[in-house]
């Protein structure tokens, strides 16, 4: 019976980790032991930040809407409340985009929200 050696599995596993560590600085990209730790940490950060990205963008959209709405003489919370009462269902990403690119349409939404209040 031939001697069993963990050749290809071991090589494939290490190759996969070193492939993920490509572009890392110093030994982290070439040394398996340090690359393994670096990759584990980077994957943890990637998972965490995929969730954080959604929060960050929502925060940005709200800040943009708030700034645009204040120019119209109303605050953000009153604006959103007015839109809900008027039955206007537009998400914050679209509202933010309207505030930047189409001022007239955004102003019409602000007027609708003010009337609903």
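Residue numbers (our numbering): 5 to 121.
C-beta: ideal position from N, C-alpha, C; glycine also.
Predicted model, so just to flag it, every value in this text is computed and none were measured.
Exercise. If you run the structure through DSSP and keep just helix, strand and coil, what is residue 118?
Worked result: Helix, per DSSP.
Exercise. Given residue 43, which residues of its chain have a CB within under 8 Å of its CB, disregarding the five upstream and five downstream residues?
Worked result: Correct list, in chain order: 21, 24 and 25.
Problem set entry | For residue 14 and residue 6, the rounded distance between their alpha carbons | Answer to the nearest angstrom: the Cα atoms are 18 Å apart.
Exercise. Within the chosen definition, does the segment 71-79 reach the segment 42-58 through at least 3 CB pairs nearer than 8 Å?
Worked result: Touching, no.
Problem set entry | Whole-angstrom C-beta distance between residue 116 and residue 90, which should lie under 8 Å | For a cut-off of 8 Å, the C-beta gap from residue 90 to residue 116 is around 5 Å, short enough to register as a contact.
Exercise. What's the C-alpha gap between residue 119 and residue 86?
Worked result: Distance from the CA of residue 119 to the CA of residue 86, rounded to the nearest whole angstrom, comes to 8 Å.
Exercise. If you follow the alpha helix (DSSP H) that residue 41 is part of, which residue opens it and which one closes it?
Worked result: Unbroken alpha helix (DSSP H) run through residue 41: 36-75.
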